[in-house]
Structure formats: structure tokens, C-alpha cells
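For what it's worth, full-length UniProt numbering labels the leading residue of the sequence shown as 1, then goes sequentially.
Take a look at the structure set out below.
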Amino acid sequence: MDIITIIKYVFLGLLQGVTEPIPVSSSGHLVIARELFGIEASGLSFEIFLNTASLIAILFVYRKDIISIIQNLWRFVFHGARDNDAVTDFKYTICLIIATIPAGVAGLLLKDVIGENISVGFVGLMLLVTGLALLFIKNKRGAKRDGDLTIKDSIIVGISQCMALTPGISRSGASIVGAIAVGLSQKNALRFAFLLYIPVSVGTAMISVGDIVNDPNMNTLWLAYLLAFIVTIIATYFAVKWLQNVMERGNLIIFVYYCFALGAFSILYQFIWA
Numbered sequence: 001m002d003i004i005t006i007i008k009y010v011f012l013g014l015l016q017g018v019t020e021p022i023p024v025s026s027s028g029h030l031v032i033a034r035e036l037f038g039i040e041a042s043g044l045s046f047e048i049f050l051n052t053a054s055l056i057a058i059l060f061v062y063r064k065d066i067i068s069i070i071q072n073l074w075r076f077v078f079h080g081a082r083d084n085d086a087v088t089d090f091k092y093t094i095c096l097i098i099a100t101i102p103a104g105v106a107g108l109l110l111k112d113v114i115g116e117n118i119s120v121g122f123v124g125l126m127l128l129v130t131g132l133a134l135l136f137i138k139n140k141r142g143a144k145r146d147g148d149l150t151i152k153d154s155i156i157v158g159i160s161q162c163m164a165l166t167p168g169i170s171r172s173g174a175s176i177v178g179a180i181a182v183g184l185s186q187k188n189a190l191r192f193a194f195l196l197y198i199p200v201s202v203g204t205a206m207i208s209v210g211d212i213v214n215d216p217n218m219n220t221l222w223l224a225y226l227l228a229f230i231v232t233i234i235a236t237y238f239a240v241k242w243l244q245n246v247m248e249r250g251n252l253i254i255f256v257y258y259c260f261a262l263g264a265f266s267i268l269y270q271f272i273w274a
């Protein structure tokens, strides 16, 4: 394993970490980067491996929210607490579970076909779709808070997240678009999107343990994989913090421009240079 190979994989880890939280499709970026740098990696095991690193970072960022929800859920279920915090977090948890189901079912059904033989041009087209979706909600300012979510809202957000199973459609973008479309404020939509990311990613990691362990590259590229994993954790943490600031200022338009630019480049690359 030479230093160039290590640098390439570390770069992929950095790319995953930066693009996973923000609405520009991390899986799409990995497809593009592997094409441009000529890195061979079959299947989804490497992407899932890095996705698990992003999961760790997001768990850390939202640790206080997660702990608070678990505590209030425990009080509601086992101690009969019916104060506002307990009731709100119980309903919120139910909404998260319901929103998780569509992507979980779709992921299981399509596990063996998602991500295979995806072209750079197709990713580019999906990035244009992501940009259009973000353009649609960029100026929306919903007023719903956590306790205002309904079952219908959760189903809509869950279905939106299913779209992100396709490389080029941003998972965070799809979830944020769905959450803002049903009336959540941008701040609460972001929180819901990332808390929704957690069970889906945990489930994906669990059903893919065998694929990761049996990855033919793991034995020879273990150092490159490890360094990419560490870089992904660090990059994801700072990317989440940055996105929180962007959402507070209502500057989603920058992601619209970026998706359009990269999407157009990817399509041109596929049909002109590839």
C-alpha cells in the first residue's frame, strides 16, 4: 500500500465527512471522486464504513438532545410522567420511528442493487433534482415545533428520505426538504433530519456488518480505511456545526448553486470526457 493510495482514501474520508451532513449528497460525491481518481471499490461496504464514522460524529453533536429524549421517554413509559417535556418527547419519538420505516423497508428491499453501476452522469442528474428541491423550500419559514409533528408529517418526511437511497439525492437534503415542507422551522427541521439519520444509519450498519468484514480490500487497505474513518468523524463534526449556522441564517441558496454547478459538471463529464 503506497502513500498515494492512502492519500486517496483519506481524501474520500474527508469528502464523506464534509458532504454527509450538508444537503449535497455524500454518496454522489464518492461516486464522482472514485471516477476522477480511479479508485476501485465494489459495492457499498466502503461507503457504509464511512457512513458509520459520520454517525459517530452526529451522535456526539446531538448527544444532549438524545439523552434528554431518552430520559423523558423513560419517565413517560415507566414512571407515568405526563408533563409537557415527557409528552412532547414521547410523541416526537413516535414520529421519528414512523419516519424511519419507509427508508428502512426500502433499504432492505433494495440493499443488493442500490449503488451498483451508478454513472457520474446519473449522479449529476440527481444533483440537479436535489438543487431544485432545495430551491423549492429555501425561503420557507415554518412555525411548527417538535410537539406539533403529526403522523402524516412523519410519513411525508420518511418517504422524502427514501429518495436519498439513490446516489446524487442528498439524504439530509431530502429529509430537510420534507420536514420544512410539512411546516417545521429550519432549525427544527435540521434537528429532526439528523435525529432521523441515526436509526437509519444504525440499521444500515447492522445489516451490512458482513459486507464490511468481508470487504476484499479490508486486509490490504486497512490503514487507508482506518485513517479515512478517523478523518470522516472529524470532518462530519465540523460540517454539522457549519450547517447549523447556515440554517440559522437561512442561506440554503448556497447549496442550490453548488448542486446545480456540480450536477452540470458531472453530466458534461459523462458525455464529453468520460
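Even for Gly, the Cβ is constructed at its ideal location relative to N, Cα and C.
Owing to the predicted nature of the structure, the values given are computational and were not obtained by experimental measurement.
Proximity of residue i and residue j at Cβ, strictly below 8 Å
i, j, result
"alanine 239", "glycine 17", "yes"
"leucine 125", "threonine 93", "no"
"valine 120", "serine 27", "no"
"valine 213", "isoleucine 118", "no"
"leucine 243", "isoleucine 22", "yes"
"glycine 173", "leucine 134", "yes"
"glycine 13", "phenylalanine 192", "no"
"residue 282", "isoleucine 137", "As shown, the chain starts at 1 and ends at 274. That puts residue 282 outside it, with no answer to give."
"leucine 165", "cysteine 259", "no"
"phenylalanine 255", "valine 24", "yes"
Beta bridge counterpart(s) of residue i as assigned by DSSP
i, result
"lysine 144", "Leu184"
8 Å CB neighbourhood of residue i in its chain, flanking five on each side removed
i, result
"phenylalanine 11", "Ala33, Phe37"
"proline 102", "Ile155, Gly158, Ile159, Gln161, Cys162"
"leucine 55", "Tyr197, Ile198, Ser201, Val202, Ala205"
"phenylalanine 60", "Tyr237"
Rounded straight-line distance, which links the Cα of residue j to that of residue i
i, j, result
"glycine 183", "proline 216", "46 Å"
"alanine 261", "aspartate 83", "49 Å"
"leucine 132", "phenylalanine 46", "29 Å"
"glycine 178", "alanine 189", "8 Å"
"phenylalanine 49", "isoleucine 176", "24 Å"
"lysine 144", "tyrosine 269", "42 Å"
"residue 333", "isoleucine 39", "Residue 333 falls outside the range modelled here, since the chain spans only 1 to 274, and no answer is possible."
"residue 279", "serine 170", "Given a span of 1 to 274 for the chain in the structure shown, any question on residue 279 remains unanswerable."
"leucine 227", "isoleucine 67", "29 Å"
"lysine 64", "valine 77", "20 Å"
"threonine 71", "threonine 130", "Just to set this straight, residue 71 is glutamine in the shown sequence, not threonine. Distance between the alpha carbons of glutamine 71 and threonine 130 is about 36 Å."
"tryptophan 273", "lysine 91", "52 Å"
"glycine 263", "histidine 79", "52 Å"
"asparagine 51", "isoleucine 253", "25 Å"
"glycine 142", "asparagine 251", "15 Å"
"valine 105", "glycine 210", "19 Å"
Chain-order list of residues whose beta-carbon lies under 6 Å from that of residue i (same chain, five-residue window excluded)
i, result
"glutamate 20", "Ser26, Ser54, Thr236"
"isoleucine 233", "Ala53, Ile56, Ala57"
"residue 333", "Since the first residue of the chain shown is 1 and the last is 274, residue 333 is not available in this structure."
"isoleucine 69", "Asp89"
"methionine 247", "Gln186, Leu190"
"cysteine 95", "Leu149, Ser154"
Cut-off 7 Å between Cβ atoms - residues of its own chain near residue i, not counting five sequence neighbours on either side
i, result
"valine 123", "Gly28, Val31, Ile32, Pro167, Gly168, Ser266"
"alanine 81", "Arg75"
"tyrosine 62", "Phe194, Leu195"
Residue i at chain D interface by Cβ criterion, 8 Å
i, result
"valine 87", "Annotation note: the requested chain D is absent from the structure, which comprises a single protein chain."
Completely contained alpha helix (DSSP H) runs for the segment 173–245, where each covers 4 or more residues: Runs of the alpha helix (DSSP H) inside the segment 173–245: 186–207, 209–213.
Ordered list of alpha helix (DSSP H) runs contained in the segment 19–107, each at least 4 residues: The qualifying runs are 26–37, 45–61, 63–78.
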